[in-house]
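Heads up, the thing below is written out as structure tokens.
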Amino acid sequence: MNARQMVLAGVAALLALLPIAGVPEFWITQLNYIGLFAIVALGLVLLTGVSGLTSFGQAAFVGLGAYTSAYLSTAHGVSPWLTILVALVITVAVALALASITLRMSGHYLPLATMAWGLSLYYTMSNMEFLGKYDGILGVPAMEFFGISLASGRSYFYLIWVVALLAAVAVIHLLDSRTGRAIRALKGGVTMAEAMGISTYSYKVLVFVLAAILACVSGWLFAHFQRTVNPSPFAISKGIEYLFMAVLGGVGNVWGAFVGAGLVKLLEDQLQVLLPKLFGGSGNYEIIVFGIVLVVVLKYAPQGLWPFVEKLAGRWLPAQRRVRDWADAAQLEERSKPTPGELLLDVQAVRKQFGGLVAVNDVSFTIRAGEIIGLIGPNGAGKSTTFNLITGVLPLTAGNVTFRGEKVGGLASREIARRGMSRTFQHVKMLPEMTVLENVALGGYLRSHAGVVKAMLRLDRDEERRLFKEAERQLERIGMKDQMHELAGNLALGPARLMEIARALCTDPALLLLDEPAAGLRHKEKQALSTVLRQLKAEGLSILLVEHDMDFVMNLTDRITVMEFGTKLIEGTPEEVQASPAVRAAYLGTEH
Amino acid sequence: MDFSIASILTLDGVTNGAIYALLAMATVLLFAVTRVIFIPQGEFVAFGALTLAILQTNQVPGTVWLLLIMTAVATLLEVVHGIRRGAPAARWLKAAAQTAAYPVAISLLTIWAAPQGFPLWVQALLTLALVTPFGSLVYRLAYESLADATVLVLLIVSVGVHFALTGLALLFFGAEGFRNPSFWDERFSIGALTLSGQAVIIFLASAALIVMLFLFFERSLYGKALRATAVNRLGARLMGISSTNAGRLSFTMAAFIGALSGLLIGPTTTIFYDSGFLIGLKGFVAAVFAGLSSYPLAAVGALGVGVLEAFGSFWASAFKEVIVFTSILPVLLWRSLRDPHSDEE
Numbered sequence: 055m056n057a058r059q060m061v062l063a064g065v066a067a068l069l070a071l072l073p074i075a076g077v078p079e080f081w082i083t084q085l086n087y088i089g090l091f092a093i094v095a096l097g098l099v100l101l102t103g104v105s106g107l108t109s110f111g112q113a114a115f116v117g118l119g120a121y122t123s124a125y126l127s128t129a130h131g132v133s134p135w136l137t138i139l140v141a142l143v144i145t146v147a148v149a150l151a152l153a154s155i156t157l158r159m160s161g162h163y164l165p166l167a168t169m170a171w172g173l174s175l176y177y178t179m180s181n182m183e184f185l186g187k188y189d190g191i192l193g194v195p196a197m198e199f200f201g202i203s204l205a206s207g208r209s210y211f212y213l214i215w216v217v218a219l220l221a222a223v224a225v226i227h228l229l230d231s232r233t234g235r236a237i238r239a240l241k242g243g244v245t246m247a248e249a250m251g252i253s254t255y256s257y258k259v260l261v262f263v264l265a266a267i268l269a270c271v272s273g274w275l276f277a278h279f280q281r282t283v284n285p286s287p288f289a290i291s292k293g294i295e296y297l298f299m300a301v302l303g304g305v306g307n308v309w310g311a312f313v314g315a316g317l318v319k320l321l322e323d324q325l326q327v328l329l330p331k332l333f334g335g336s337g338n339y340e341i342i343v344f345g346i347v348l349v350v351v352l353k354y355a356p357q358g359l360w361p362f363v364e365k366l367a368g369r370w371l372p373a374q375r376r377v378r379d380w381a382d383a384a385q386l387e388e389r390s391k392p393t394p395g396e397l398l399l400d401v402q403a404v405r406k407q408f409g410g411l412v413a414v415n416d417v418s419f420t421i422r423a424g425e426i427i428g429l430i431g432p433n434g435a436g437k438s439t440t441f442n443l444i445t446g447v448l449p450l451t452a453g454n455v456t457f458r459g460e461k462v463g464g465l466a467s468r469e470i471a472r473r474g475m476s477r478t479f480q481h482v483k484m485l486p487e488m489t490v491l492e493n494v495a496l497g498g499y500l501r502s503h504a505g506v507v508k509a510m511l512r513l514d515r516d517e518e519r520r521l522f523k524e525a526e527r528q529l530e531r532i533g534m535k536d537q538m539h540e541l542a543g544n545l546a547l548g549p550a551r552l553m554e555i556a557r558a559l560c561t562d563p564a565l566l567l568l569d570e571p572a573a574g575l576r577h578k579e580k581q582a583l584s585t586v587l588r589q590l591k592a593e594g595l596s597i598l599l600v601e602h603d604m605d606f607v608m609n610l611t612d613r614i615t616v617m618e619f620g621t622k623l624i625e626g627t628p629e630e631v632q633a634s635p636a637v638r639a640a641y642l643g644t645e646h
Numbered sequence: 006m007d008f009s010i011a012s013i014l015t016l017d018g019v020t021n022g023a024i025y026a027l028l029a030m031a032t033v034l035l036f037a038v039t040r041v042i043f044i045p046q047g048e049f050v051a052f053g054a055l056t057l058a059i060l061q062t063n064q065v066p067g068t069v070w071l072l073l074i075m076t077a078v079a080t081l082l083e084v085v086h087g088i089r090r091g092a093p094a095a096r097w098l099k100a101a102a103q104t105a106a107y108p109v110a111i112s113l114l115t116i117w118a119a120p121q122g123f124p125l126w127v128q129a130l131l132t133l134a135l136v137t138p139f140g141s142l143v144y145r146l147a148y149e150s151l152a153d154a155t156v157l158v159l160l161i162v163s164v165g166v167h168f169a170l171t172g173l174a175l176l177f178f179g180a181e182g183f184r185n186p187s188f189w190d191e192r193f194s195i196g197a198l199t200l201s202g203q204a205v206i207i208f209l210a211s212a213a214l215i216v217m218l219f220l221f222f223e224r225s226l227y228g229k230a231l232r233a234t235a236v237n238r239l240g241a242r243l244m245g246i247s248s249t250n251a252g253r254l255s256f257t258m259a260a261f262i263g264a265l266s267g268l269l270i271g272p273t274t275t276i277f278y279d280s281g282f283l284i285g286l287k288g289f290v291a292a293v294f295a296g297l298s299s300y301p302l303a304a305v306g307a308l309g310v311g312v313l314e315a316f317g318s319f320w321a322s323a324f325k326e327v328i329v330f331t332s333i334l335p336v337l338l339w340r341s342l343r344d345p346h347s348d349e350e
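Residue numbers (our numbering), protein chains in the order written: chain A, 55 to 646; chain B, 6 to 350.
What follows is the structure in structure tokens.
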């Protein structure tokens with residue numbers, strides 16, 4: 055057990071003592087509400103802080119959980135332990151519907167859809183005869199746990215906080231897993247994640263559904279705690295308040311949800327007494343303060359308050375470092391490698407038009423297994439676009455690409471990645487908040503399988519060890535093993551590029567596409583990189599290289615394709631290319 | 006339902022739809038120029054309607070005090086900012102004076118004019134002049150320093166602003182609802198249809214504003230500058246167009262449109278301090294229909310929302326909001342099938 059786990063266990067033990075230690079009823083009730091709110095805010099941490107999406111409709115999911123359980127347990131006498139299952143089925147169905155129609159578009163359509171859904175559900179609850187209209191449902195039964203009544207706030211406290219802490223731990227486990235890394239990659243832009251084989255759409259849907267499930271569970275607990283439900287706690291303004299909790303506490307951290315829920319609840323109570331006295335009259339004046347604080351927090355402390363707590367705690371608690379426990383882990387499976395000389399990639403007259411502009415004009419070339427091919431040309435020649443066409447980032451206007459005898463033109467980039475093509479990016483695309491090792495392990499996504507449930511229950515540890523072993527091996531290969539625990543965001547440009555190569559290697563590729571790998575590297579680093587690439591070639595890997603450093607390209611490649619203005623100029627060995635007057639003209643211009 | 010009821014409902018829907026069209030356009034405008042999804046657009050509607058209602062009682066509306074407070078904060082920030090940057094006193098004094106001059110002047114004018122019992126149209130003009138500066142102030146206080154943040158952050162700021170403005174509306178206008186008198190009490194009969202003078206005014210004002218917006222964007226240099234900012238902020242900045250000024254100008258226009266919508270809708274329904282939210286969101290549904298990018302589609306969507314709402318309230322009045330807001334889902338589905346691109350930041 056490390057220091058942080060001990061703190062968590064200590065907090066849990068302290069919480070367990072509170073109800074029997076004679077804490078006044080008022081504070082038990084407050085803590086119950088804080089636990090309920092934190093469960094919802096936890097979903098928003100996952101959604102907003104980790105994945106870069108958001109929802110204003112979480113209160114509606116809370117309402118869905120509360121109303122379903124309240125209705126079934128009062129009208130039909132169903133046990134609350136069964137109603138939660140029904141509530142979850144409905145919640146997941148609604149969340150799937152909302153997510154599937156909005157998440158294929160820009161990220162801001164989801165919150166707009168959730169806002170509309172929140173309003174619709176609110177007015178539906180308020181007008182349905184069988185749900186008691188604005189009065190709601192009274193006399194919701196208390197829960198029982200193996201014959202123990204949970205009718206009192208003190209006993210219910212245990213249920214709420216066990217659920218809240220288990221949820222928090224499950225989310226922490228999830229974030230530190232294969233699925234978690236895929237979820238965290240959503241924020242780093244779609245292209246990189248897709249290039250690693252991650253279906254960003256599916257993971258966005260997944261995260262939204264998880265957040266909805268957490269909200270629904272909170273609602274279910276709420277209904278049997280309050281013992282009555284009515285529409286007002288599930289209005290859209292409450293949905294915004296949940297978001298406020300997450301942002302205030304710190305939307306990037308699981309414990310931020312708890313800090314936020316606690317602060318908002320306590321603040322709300324104080325303001326509801328203080329402000330009407332100050333302003334006279336009555337009404338929910340506290341939303342003025344909430345609104346202003348929300349804007350101020352986003353301006354001056356966009357990570358919320360948790361980082362300050364973390365900093366304070368950092369004085370006593372050593373920073374956590376991943377324990378290297380994978381020394382004896384088995385190796386990940388590798389794909390069958392092409393035989394040297396076999397035709398690997400066949401680019402046939404690929405064409406890309408942006409409106410009237412022909413960016414790539416019927417370019418053809420081939421790569422055989424075990425070759426290093428260079429793609430060079432002046433700026434704007436269409437090299438990167440060609441790269442994007444081959445890897446499926448951009449759709450082809452015409453032409454075709456065959457990879458290992460299979461047509462891949464027109465496939466999504468993650469499908470192409472699955473077939474053994476991996477790439478780096480001209481502008482490094484990484485996740486700065488993850489360590490170098492975790493960034494590289496992202497490359498092993500397609501070689502591993504554990505899903506959400508396994509991750510939450512930590513049944514994925516064996517596979518994780520194998521993944522990290524592989525990631526470490528690739529880092530060692532490019533000489534970055536010493537930096538594996540560093541945060542990727544702290545790397546200089548050169549090492550960051552090398553890390554991208556390690557990540558690409560971690561996918562176990564048959565063909566590696568490197569977009570300007572030597573840019574920003576120092577002379578020694580370039581030499582080291584060329585040694586690594588030669589060694590990869592000796593191991594049978596094929597490489598397509600876009601590069602501006604002519605020394606680097608000429609010394610490394612077997613053949614070179616030169617592009618100019620979207621068209622292939624010539625193709626040949628480095629010597630042929632160097633001798634070509636056409637290439638000189640393209641780079642230096644001609645005399646007239 | 007027979008033809009005459011259908012035509013009455015349609016007319017009703019189109020009348021409200023014309024107002025939603027104005028709000029939808031303001032939403033599209035703001036998103037294009039500043040990337041802000043401006044949830045609180047409807048708050049300007051409530052401000053407009055309630056300001057006029059209180060002027061009708063010959064009292065000074067709370068809008069004045071709110072405007073002065075917000076101006077004071079904006080001016081103070083201007084001064085602090087100037088001193089911190091070490092700018093010469095003359096410059097930040099001038100900037101502060103520029104910030105404060107108009108709002109203070111219009112507030113003083115209102116304080117003088119309120120008890121005089123001027124005719125309705127004078128009070129309406131005064132209302133527009135009083136609510137419009139809120140746009141620029143809201144932009145300065147909430148969005149300006151975050152102008153380069155992601156759409157997501159700006160959207161969360163928007164709900165914060167919505168909370169703050171709704172709460173402030175409660176504080177400065179009270180919880181009481183008002184219904185304004187009609188600008189024109191005439192009624193015209195066309196067969197079974199009765200067209201109220203107010204509806205005629207709504208149509209004329211909406212049409213005039215849409216034409217004015219069109220001319221502004223197509224013919225004026227300012228309009229072109231705004232469009233340039235909408236297409237590419239950095240490029241526009243390099244061409245000497247200040248994206249800060251573009252933001253302030255578009256928020257000012259949005260506040261004006263909001264206030265005008267408030268004047269137009271005030272006589273047709275009772276407005277409370279928090280009524281603006283739902284009205285604004287209906288404009289929003291229309292803007293989403295237009296993918297937050299096309300003005301003509303937004304107008305069409307708004308008329309659709311109005312008609313849907315009118316028929317919805319006839320068939321199932323308790324569920325009219327449910328019908329209107331659920332209709333956004335098929336719209337989104339249609340959009341996602343038509344244009345499924347996702348964004349890459």
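The beta-carbon is built from N, C-alpha and C at its ideal position, and this holds for glycine as well. None of the values given here were measured: they were computed from a predicted structure.
- prompt: Does the beta-carbon distance from residue 13/B to residue 198/B come in below 8 Å?
  reply: yes
query: Do we get a CB-CB distance below 8 Å when we pair residue 108/A with the residues of chain B?
result: yes
Whether residue 232/A touches residue 485/A by CB criterion (8 Å): no
query: Can you name the start and end residues of the beta strand (DSSP E) that residue 647/A belongs to?
result: Nothing about residue 647/A can be reported from this structure: the residues present for chain A run from 55 to 646 only.
message: Comparing C-alpha positions only, which one of 285/A, 148/A, 373/A sits nearest to residue 264/A?
response: 148/A
- request: Scan the region 566-635 of chain A and note each continuous alpha helix (DSSP H) run of 4 residues or more that stays entirely inside, going in chain order.
  value: 577-592, 604-610, 628-633
query: For residue 282/A, which of helix, strand or coil comes out of DSSP?
result: coil
message: I want to know whether the region 515-531 of chain A touches the region 198-210 of chain A - three or more CB-CB distances under 8 Å.
response: no
- prompt: For residue 74/A, does the count of other Cβ atoms within 10 angstroms reach 16, so buried, or fall short, so exposed?
  reply: exposed
Cα-Cα separation between residue 215/A and residue 270/A, rounded to whole angstroms: 16 Å
field: Nearest neighbour of residue 479/A, chosen from 381/A, 601/A, 81/A, 254/A [CA to CA]
entry: 601/A
task: May I have the straight-line CA-CA distance separating residue 181/B from residue 73/B, to the nearest angstrom?
output: 23 Å
field: Validate contact between the region 224-240 of chain B and the region 623-631 of chain A using beta carbons, cut 8 Å, 3 pairs
entry: no
- prompt: Which residues in chain C sit within 9 Å of residue 150/B, going by Cβ to Cβ distance?
  reply: Structure shown: chain C not included; protein chains present are A and B.
field: Residues that residue 539/A contacts on chain B, provided the C-beta gap is smaller than 8 Å
entry: Per Cβ cutoff of 8 Å: no residues; residue 539/A is ~28 Å from chain B at best.
field: Where residue 180/B meets chain A, residues with beta-carbon distance less than 7 Å
entry: 337
message: Quick check: is the beta carbon of residue 166/A nearer than 8 Å to any beta carbon in chain B?
response: yes
query: Taking one C-beta from the region 131-142 of chain B and one from the region 257-272 of chain B each time, how about it: are there three or more such pairs within less than 8 Å?
result: yes
message: What does DSSP give as the partner residue(s) for residue 422/A in the beta ladder?
response: 397/A
query: When the Cα atoms are used, what is the spatial distance from residue 177/B to residue 125/B?
result: 22 Å
field: Rounded separation between residue 314/B and residue 54/B - CA only
entry: 21 Å
- prompt: CA-CA distance, residue 218/A and residue 201/A?
  reply: 22 Å
message: Can you confirm whether residue 237/A, when its beta carbon is compared against all beta carbons of chain B, has any partner nearer than 8 Å?
response: no
field: Chain-ordered residues of the region 315-344 of chain B with a beta carbon less than 8 Å from chain A
entry: 323, 324, 326, 327, 330, 331, 333, 334, 337, 338, 340, 341, 344
- prompt: Taking one C-beta from the region 189-199 of chain A and one from the region 244-261 of chain A each time, how about it: are there three or more such pairs within less than 8 Å?
  reply: no
- prompt: Is the CB of residue 20/B under 8 Å away from at least one CB in chain A?
  reply: no
query: Given that residue 301/A touches chain B, what residues does it touch there, using C-beta distances under 8 Å?
result: 161
message: With H, G and I counted as helix, E and B as strand and the rest as coil, what does DSSP make of residue 198/A?
response: strand
- request: Note down, in chain order, all residues in the region 114-148 of chain A with a beta-carbon under 9 Å from any beta-carbon belonging to chain B.
  value: none
message: One question on the structure: do residue 39/B and residue 296/B come within less than 8 Å of each other, judged by their Cβ atoms?
response: no
- prompt: Taking the continuous beta strand (DSSP E) assigned at residue 150/A, which residues delimit it?
  reply: Here residue 150/A belongs to no beta strand (DSSP E); instead the alpha helix (DSSP H) covers 134-156.
message: Below 8 Å on the Cβ atoms is my contact criterion, and I expect residue 159/A with residue 224/B to pass it. Report the Cβ-Cβ distance as a whole number of Å.
response: Not confirmed; about 33 Å, so no contact.
task: Label residue 64/A either buried or exposed according to how many other C-beta atoms from any shown protein chain fall within 10 Å of its C-beta, with 16 as the threshold for buried.
output: exposed
Run of the alpha helix (DSSP H) containing residue 274/B, from where it starts to where it stops: No alpha helix (DSSP H) holds residue 274/B; DSSP gives it neither H nor E.
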